[in-house]
Amino acid sequence: MNALNDLLTPALLRATGFTLLHSLWQGAAVALAAAILLLLMPRHRAAVRYRVLLGALLLAVALAAATFVRYYHTTPLASADTTSSMPAARNMAPAVHADFADHAQAVLAVGTTYVEKHLPLLVGAWLLGILAMMLRLLAGLAYVRRLRRYRVAALPEAWQQRLDALCAQAGLTRPVRVLASALVSSPVVVGYVKPVVLLPLSALTGLTPRELEVILAHEVAHVLRQDYLVNLLQALVEVVFFYHPAVWFLSAALRTEREHCCDDVAARLCGDARTLAQALSSLAELAYAEARSPRLVLAATGPAGESELLSRVRRLVTRPTAAPTFWESCWAAAVVLLSAALLACCTLTALDASAHASPPTPMNQEARHTKPVDLLEDAMKRGGLLPNPRNYEYTLRANSLVVNGQAQPAAVAAHYRQLYEAVSGETMWPVVSSLYRHVHDDEAPATRPASVMVP
């Protein structure tokens, strides 16, 4: 992992690794809160449920960003005040065979050490995953770009006029084109600046003019709501959090509610929800044996499979007429307030951590230009391990420390190893990493030999 250590600074590596770990429970908590909130809002409009899911996804991203900032600004570097760790080293040496500390703190220290040791592997695997997902996203964007230009044909002017009328009725000022395509299996809209609605050839021959009109209204709703841009940003979030089940859950639910929102807009524009339901059923029959549309386009049949399409049809046919009850709204508001409190708490924590990360003092600035080995030896002298500053010998490895021929307890060795890794930015690996120093009275401090092996 030397290449990764050269690419990322120790602060960036540590902040990224711990952000990935903390994002697992943070995202799970946000997804659980969103799921509970949706269960409490069965009769709310699809637009409200969509905003809840969008807010939950943004909250998960914001929590991860706050965690990254917190760890990045509190990472122990050579600029940290090394004297602050000296009392701990001084107290640790004589009492390591006693109660040492609390058992929970010992377990936490071991766990943290284990995690930090494997952070390069974790971050490296994450970067490889991002590379693969980004290539997949770019391939999808290239295919969407190809859909606009390859094997398309203009429709009769009457259909373009009908689409313009639907856009005007919806209050959409941007021009939207409609074309026939031989590559898509269901009506889709592609593009943000110059959106284009692509209709499959099977839809032109298998749907009635009224059904085709409500399908066009559905695609107009996507353009009106700027869903193409939101869908692209959502795909970027999926690239970064490709490892996170909660993010995929929120993303899938968000796409489902997006289609519900567009169904509602199309039903309102055409005034006929049952015709839209019939059109969706007909599209499903026509596209059953054809390939699915790419994820980055917004298809009228939606992103999911047959069961999800059936759920949309049932929703259009049996739309609830009763308004949400008072208690449903109260419980939903309570969950929203709880989620807002969680975000505020995490934000304040990140700001507080940043505030405590004071700028370097003059002593710290001097420490930046001091060798890591000298900082380590200063700590060992203050800790009482080097009583004679002109005559000593020690060997520091990943799991041991021998001073003047005497092996030190594991806790002491771990403490000074972590200190050396913090001030040097290097990782000491078992077996292959070691630091040896041998100083006698007749040697000047500036010529003390050092040997470090880092894989």
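If you're matching positions, the sequence shown starts at 7 in this note's numbering and goes up one per residue. Idealized CB from N, CA, C, for every residue including glycine. From a predicted model like this one, the values you see are computed outputs, not experimental measurements.
N- and C-terminal bounds of the beta strand (DSSP E) containing residue i
i, result
"M205", "Inspection of the sequence shows that residue 205 is occupied by Leu rather than by Met. L205 -> beta strand (DSSP E) spans 202-206."
"E399", "398-403"
"L256", "L256 -> not in any beta strand (DSSP E); alpha helix (DSSP H) instead, spanning 251-276."
"L407", "407-409"
"V196", "194-196"
Rounded C-alpha distance that separates residue i from residue j
i, j, result
"T15", "A420", "22 Å"
"E163", "D170", "11 Å"
"S430", "P201", "54 Å"
"A68", "H28", "12 Å"
"A159", "S287", "25 Å"
"L137", "P206", "33 Å"
"V408", "V418", "10 Å"
"H36", "R261", "The sequence given here has Val at residue 36, not His. So the alpha carbons of these two residues sit roughly 17 Å apart."
"E122", "A428", "11 Å"
"E225", "V195", "6 Å"
"L392", "E399", "9 Å"
"L172", "V129", "49 Å"
"P436", "N405", "7 Å"
"R151", "A145", "10 Å"
"L38", "A241", "21 Å"
"L239", "Q167", "31 Å"
"L13", "L46", "47 Å"
"Y120", "T324", "55 Å"
"L147", "N237", "12 Å"
"E432", "L134", "22 Å"
"G390", "L141", "55 Å"
"A17", "V75", "10 Å"
Proximity below 8 Å, CB of residue i to CB of residue j
i, j, result
"R318", "C267", "no"
"C276", "E314", "no"
"Y234", "G197", "yes"
"A272", "A209", "no"
"A21", "Y77", "yes"
"R403", "M434", "yes"
"Y422", "M386", "yes"
"L153", "L189", "yes"
"L204", "L178", "no"
"W132", "Y249", "yes"
"A462", "I221", "Nothing can be reported for residue 462, as the shown portion of the chain is limited to 7 through 461."
"T73", "T25", "yes"
"R55", "L44", "yes"
"L282", "G212", "no"
"S439", "T401", "no"
"L59", "A259", "yes"
Expected contact under 8 Å - CB spacing of residue i and residue j to nearest Å
i, j, result
"L382", "L344", "In fact, because the Cβ distance is near 47 Å, the residues do not count as touching under 8 Å."
"V245", "L143", "6 Å"
"N410", "V445", "At roughly 11 Å, the Cβ-Cβ gap does not stay under 8 Å, so N410 and V445 are not in contact."
"S187", "L289", "S187 to L289, Cβ: 14 Å. No contact."
"A70", "L256", "The pair is not a contact, with the Cβ atoms about 13 Å apart (cut-off 8 Å)."
"L125", "V243", "That belief does not hold up - the Cβ atoms of L125 and V243 are roughly 23 Å apart, past 8 Å."
"R183", "V229", "Going by Cβ atoms, the distance from R183 to V229 rounds to 11 Å, so no, they are not a contact pair."
"L322", "R274", "About 12 Å separates the two Cβ atoms, so there is no contact after all."
"A416", "E263", "Going by Cβ atoms, the distance from A416 to E263 rounds to 54 Å, so no, they are not a contact pair."
Limits of the alpha helix (DSSP H) - the one that residue i falls within
i, result
"R154", "125-155"
"S499", "The chain is shown only over 7 to 461; residue 499 falls outside these bounds and no answer can be derived."
"A34", "16-45"
"R49", "That residue, R49, is in no alpha helix (DSSP H); it is neither H nor E in DSSP."
"A290", "279-292"
"A227", "215-230"
"V246", "233-246"
"V379", "378-388"
Beta-bridge partners of residue i, as assigned by DSSP
i, result
"H444", "E399"
"R183", "V202"
"A160", "L185"
"Q412", "V409"
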